[in-house]
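Student: In the UniProt record's numbering, the protein residues as written are 1 to 262.
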Amino acid sequence: MGYRNKNTGYVNDILASRSVIKRANYAIIPPDGLVNNSIPGFENCELSILATPKLGATFVDYIITLLDGGQNKAGFGDEGIETFFYCLEGKITVWADEAEHTLEAGGYIYCPAGVMLKFANSNGGANSEAFLYKKKYEAVAGYETHVVVNNVANLEKIAYEGMEDVILQNLLPADLGFDMNFHILSFEPGACHGYIETHYQEHGAYMLSGEGIYNLDNEWVPVKKGDYLFMGAYVPQATYAVGRGEAFSYLYSKDCNRDPQL
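Below, the structure is given as structure tokens:
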């Protein structure tokens, strides 16, 4: 794709995009095609909406640049809605109801349904970047969730299905009260999934580093840092990490711990 001319706003090439949108199946959304959205409660933020039910997802994902003074002090979430917030860059103060925490790169917070998430850029006048998620919580009698605040630097690194060059990190507890989890999967260059997966769980995935070639519904497509993927129920999926030196890693959500409803 051609570079954008700063004087005219036009790209110096024909219009083209790596975006692929196959609703309810899969989608690839690179950052150069995102548009900013205005949503009540978000102040001094550049916010783009990624996956939504209109795409086929049962959740909503966002990518946010918090400018100087960027915040949502009105509160994000609602009765029956669980939220997750991940700091990609910078420094962000977050509140779960009134409990205050500070997140830096790799830090995150999960708020159960009914707990309001608030946040404000605290990066000394510089921008901060964040990934945001919300979903209707599917309750099960006898189980419940709780606020989780942590940083990926503190998490155990697990060899994914016994492969030492593919590392999995679980961001949330495996407790049955949680109806979803977030993970980071990291592939050393040349590493790959052990097989092409096919399952009913959906994924929303944000590429954190590196480059990969992803199989989505038996079509191989290139992806890289900053791209967003939606993978719908039952879409065949797997990846090879490519490039030199840097691991290919991504943050992704996965629904879990619930029996599918008829």
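Think of the CB as a built atom: it goes at the ideal place given N, C-alpha and C, for glycine as much as any other residue.
1. Would you kindly check if the distance between the Cβ of Ala141 and the Cβ of Met116 is under 9 Å?
2. Just the C-alpha distance for Glu129 and Glu211, rounded to the nearest angstrom, thanks.
3. Closest by CA to Ile63, which one among Tyr86, Glu79, Leu55?
4. With 16 as the cutoff for other CB atoms within 10 Å, does Arg4 come out buried or exposed?
5. In or out: residue 264 buried (at least 16 other Cβ within 10 Å) or exposed?
6. Which stretch, first to last residue, makes up the beta strand (DSSP E) that contains Asp255?
7. Expressed to the nearest angstrom, what Euclidean distance is found between the alpha-carbon atoms of Tyr137 and Pro112?
8. So, helix, strand or coil for Gly243, using DSSP?
9. Ignore the nearest five residues each way along the sequence and tell me which others in Glu202's own chain have a CB closer than 7 Å to its CB.
10. By the three-class DSSP mapping on this structure, what secondary structure does Asn36 have?
11. Using the DSSP secondary-structure output, state which residues sit across from Lys135 in a beta bridge.
12. Less than 8 Å between the CB atoms is what I'm expecting for Asn36 and Ser48, so what's the real figure, rounded?
Tutor: Taking the geometry as given:
1. Working through the sequence shown from its first residue, we reach residue 116 at position 116. Working through the sequence shown from its first residue, we reach residue 141 at position 141. No, these two residues do not count as a Cβ contact at 9 Å.
2. Translated into the one-based positions of the sequence shown, residue 129 becomes position 129. Translated into the one-based positions of the sequence shown, residue 211 becomes position 211. The alpha-carbon atoms of Glu129 and Glu211 are separated by roughly 20 Å.
3. As a first step, residue 63 must be located in the sequence shown, where it is residue number 63. Nearest option by C-alpha distance: Tyr86.
4. Taking the sequence shown and counting its residues from 1, the one referred to as residue 4 is at position 4. Reliability of the predicted coordinates at Arg4 is poor, the pLDDT of 47 falling under 50, and the value obtained from them is presented with this limitation in mind. Exposed.
5. The structure shown does not extend to residue 264, since the chain is modelled only from 1 through 262, so no value can be given for it.
6. Position 255 of the sequence shown, counting from 1, holds the residue named residue 255. Where Asp255 is concerned, the enclosing beta strand (DSSP E) stretches over 248 to 255.
7. The residue labelled residue 137 in the question sits at position 137 within the sequence shown. The residue labelled residue 112 in the question sits at position 112 within the sequence shown. A direct Cα-to-Cα measurement between Tyr137 and Pro112 gives close to 8 Å.
8. Mapped onto the sequence shown, residue 243 falls at position 243. Reduced to three states, the DSSP call for Gly243 is coil.
9. Residue numbering aside, residue 202 sits at position 202 when the sequence shown is read from its first letter. Here the set comprises Ala57, Thr58, Met231, Gly232, Ala233, Asp255.
10. Against the sequence shown, residue 36 aligns to sequence position 36. In this structure, Asn36 counts as coil in the three-state DSSP scheme.
11. Position 135 of the sequence shown, counting from 1, holds the residue named residue 135. For Lys135, which the question treats as bridged, DSSP gives the partners Phe59, Glu82.
12. Residue 36 sits at position 36 when you count from the first residue of the sequence shown. Residue 48 sits at position 48 when you count from the first residue of the sequence shown. The pair is a contact, with the Cβ atoms about 6 Å apart (cut-off 8 Å).
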